[in-house]
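Colleague:
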Ligand SMILES: Cc1cc2nc3c(=O)[nH]c(=O)nc-3n(C[C@H](O)[C@H](O)[C@H](O)COP(=O)(O)O)c2cc1C
């Protein structure tokens with residue numbers, strides 16, 4: 001099994017999403033044989049923003065007389081899409097920033113969402129061109145957004161589900177640690193609950209212990 005593992009928190013020490021995405025990869029390794037992992041740390045090594053020159057080239061499918069920087073951006077697009085196409089499972093660590101995803105993860109989405117490559121426009125709207133495969137999102141947020149007043153302000157998980165679904169990736173499993181900055185549930189309980197969910201998802205009783 002080929003796993004594409006992406007982290008997008010700029011924090012390393014004490015990052016909740018990094019710890020959860022790593023636990024998901026560990027669980028996958030315990031349940032699958034011959035696992036090959038490609039790891040992208042976009043939290044500390046952000047993908048490039050696309051310039052107008054690169055985006056014009058990608059949309060027009062014309063690649064003559066491009067600057068070196070635009071060529072490098074298009075290479076990054078092609079590499080990111082290729083990594084996505086060949087993986088059997090995608091694991092994404094996603095911290096909530098300002099009700100949405102981190103800009104680091106957004107720049108990756110802007111690379112992979114390319115008309116004619118990963119989706120196409122039809123008269124009834126965009127259609128995904130990627131074959132479906134399991135996607136695991138390790139979601140971390142300081143407050144509570146899965147229910148109550150926060151629900152209307154969650155532009156992180158629904159956004160990821162929407163954009164990945166546009167590309168054809170609909171088998172999405174969310175592992176969530178929320179309320180990590182609050183006194184209740186707080187980081188420890190939220191993390192224990194998320195680890196329990198991973199244990200249940202992969203049928204690993206040792207991880208599935210209640211908090
Ligand atoms: C710049 C920034 C913006 C944040 N915005 C929100 C937010 O809108 N809502 C929220 O509940 N938590 C917010 N947080 C808290 C993070 O979601 C929380 O600390 C989470 O654990 C971050 O993931 P990480 O531990 O993997 O870095 C923010 C944190 C930072 C640094």
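In UniProt numbering, the protein residues as written are 1 to 211. Even for Gly, the Cβ is constructed at its ideal location relative to N, Cα and C.
So, using beta-carbon positions, are residue 190 and residue 180 closer together than 7 Å?
Modeller: In the chain shown, counting from the first residue as 1, residue 190 sits at position 190. In the chain shown, counting from the first residue as 1, residue 180 sits at position 180. Yes. Within cutoff.
Colleague: Can you give me the start and stop residues for the alpha helix (DSSP H) that residue 140 sits inside?
Modeller: Walking along the chain shown from the start, residue 140 turns up at place 140. No alpha helix (DSSP H) holds residue 140; the beta strand (DSSP E) holding it covers 135-141.
Colleague: In three-state terms, what does DSSP make of residue 200?
Modeller: If you number the chain shown from 1, residue 200 lands on position 200. Correct three-state label for residue 200: helix.
Colleague: Enumerate, from N- to C-terminal direction, the unbroken beta strand (DSSP E) stretches of 3 or more residues contained entirely within the stretch 38-122.
Modeller: As far as the stretch 38-122 is concerned, its whole beta strand (DSSP E) runs of at least 3 residues are 89-97, 119-122.
Colleague: Nearest to residue 33 by CA position, among 107, 199, 88, 97, is which residue?
Modeller: Taking the chain shown and counting its residues from 1, the one referred to as residue 33 is at position 33. Minimum Cα distance to residue 33 is reached at 88.
Colleague: Which residues in the same chain as residue 102 place their Cβ atom closer than 8 Å to its Cβ, once the five residues preceding and following it in sequence are excluded?
Modeller: Along the chain shown, read from residue 1 onward, the residue named residue 102 stands at position 102. Here the set comprises 8, 9, 10, 43, 94, 95.
Colleague: Determine, using beta carbons only, whether residue 141 and residue 178 come nearer to each other than 7 Å.
Modeller: Position 141 of the chain shown holds residue 141. Position 178 of the chain shown holds residue 178. Cβ distance < 7 Å, so residue 141 and residue 178 count as in contact.
Colleague: Hey, how far is the Cα of residue 54 from the Cα of residue 70?
Modeller: Counted from its first residue, the chain shown places residue 54 at position 54. Counted from its first residue, the chain shown places residue 70 at position 70. So the two alpha carbons sit approximately 5 Å from each other.
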